[in-house]
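Enquirer: Encoded as structure tokens, here's the structure I'll be asking about.
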Ligand code: PEP
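Residue numbers (this note's numbering): 1470 to 1720.
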């Protein structure tokens, strides 16, 4: 089986100020020297240059929270993948449930964005996950399948080679409710086996992160699951001490 380096990604969402994100980035880069996981921070795009100035020479990687599927043109308010590359981004979070729910991004659009990010030599973090209603209606498998299959249809199995998947049950995001390690592992295994049905090597190399109220006290048991390769962290990523404790739990 391929050895997968854990990845811990902080999704800072629409938080902070120019001053506070620089402080947070400095604290994370100062504290993550001994961490064996790959560490990534994703500030809002207007602060990318400031955060790059802090983490540029450290072990911390930089990512964005969204990008356009288009490379240029009349798309007011959008930011392209090539623009993000200019600011040192290596990863882009795509298809986060907040974007799917609030900005009506469907799986087809998310797949197009993934391909745009890969064309710019960055790695998409493709978020998938079910709502509570879908879980209660026993639809977890079909929801995840639809979200993965859109990219398989658009880009084929090759598009899963330079990709990270983040399983984020919508009911666990920002709610303080975490999926149990068993619940999370079951869905991670399902994701890996769906990819494996197309290519076993691609599936075994694929990093699948868990996201949804990960905190320092629940991180280690989640990350101990065989198909959980790190985490996508929201609220706890805004506090350097908590985020670094989560990074250490992924060792
Ligand atoms: C997220 O928004 O990706 C997330 C996982 O948030 P939180 O950790 O706050 O649940």
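Glycine included, C-beta positions come from ideal geometry on N, C-alpha and C. Just so we're clear, the structure is a prediction, and the values are computed from it rather than from any experiment.
Nearest-angstrom Cα distance between residue 1693 and residue 1571?
Expert: Position 224 of the chain shown, counted from the start, is the residue given in the question as residue 1693. Position 102 of the chain shown, counted from the start, is the residue given in the question as residue 1571. If I take the Cα positions, the gap works out to 33 Å.
Enquirer: Give the single residue among 1660, 1720, 1600 and 1668 whose Cα lies nearest to the Cα of residue 1567.
Expert: Residue 1567 sits at position 98 when you count from the first residue of the chain shown. Out of 1660, 1720, 1600 and 1668, 1600 has the C-alpha closest to the C-alpha of residue 1567.
Enquirer: Is there at least one non-hydrogen atom of the ligand PEP closer than 7 Å to the beta-carbon of residue 1702?
Expert: Indexing the chain shown from 1 puts residue 1702 at position 233. Yes, the beta carbon of residue 1702 sits closer than 7 Å to at least one heavy atom of the ligand PEP.
Enquirer: From which residue to which residue does the alpha helix (DSSP H) around residue 1465 run?
Expert: This structure cannot speak to residue 1465, because the chain is shown only from 1470 to 1720.
Enquirer: Could you compute how far the alpha carbon of residue 1518 sits from the alpha carbon of residue 1483?
Expert: Start at 1 with the first residue of the chain shown, and residue 1518 comes out as number 49. Start at 1 with the first residue of the chain shown, and residue 1483 comes out as number 14. Near 16 Å, if we compare the C-alpha coordinates of residue 1483 and residue 1518.
Enquirer: Would you tell me roughly how many angstroms separate the C-alpha atoms of residue 1624 and residue 1584, rounded to the nearest one?
Expert: Translated into positions along the chain shown, residue 1624 becomes position 155. Translated into positions along the chain shown, residue 1584 becomes position 115. The alpha-carbon atoms of residue 1624 and residue 1584 are separated by roughly 7 Å.
Enquirer: Over the uninterrupted alpha helix (DSSP H) stretch that includes residue 1583, give me the two end residues.
Expert: Taking the chain shown and counting its residues from 1, one reaches residue 1583 at position 114. First-last of the alpha helix (DSSP H) with residue 1583: 1576-1588.
Enquirer: Of the choices 1541, 1659, 1552 and 1513, whose alpha-carbon is the least far from that of residue 1613?
Expert: As a position in the chain shown, residue 1613 is number 144, starting the count at 1. Residue 1659 is the option with its Cα nearest to residue 1613.
Enquirer: To the nearest angstrom, how far is the alpha carbon of residue 1515 from that of residue 1560?
Expert: For this step, residue 1515 is matched to residue 46 along the chain shown. For this step, residue 1560 is matched to residue 91 along the chain shown. So the alpha carbons of these two residues sit roughly 16 Å apart.
Enquirer: With a floor of 4 residues, list each alpha helix (DSSP H) that falls wholly inside the segment 1661-1717, ordered by position along the chain.
Expert: Segments of the alpha helix (DSSP H) lying fully in the segment 1661-1717: 1669-1674 and 1685-1692.
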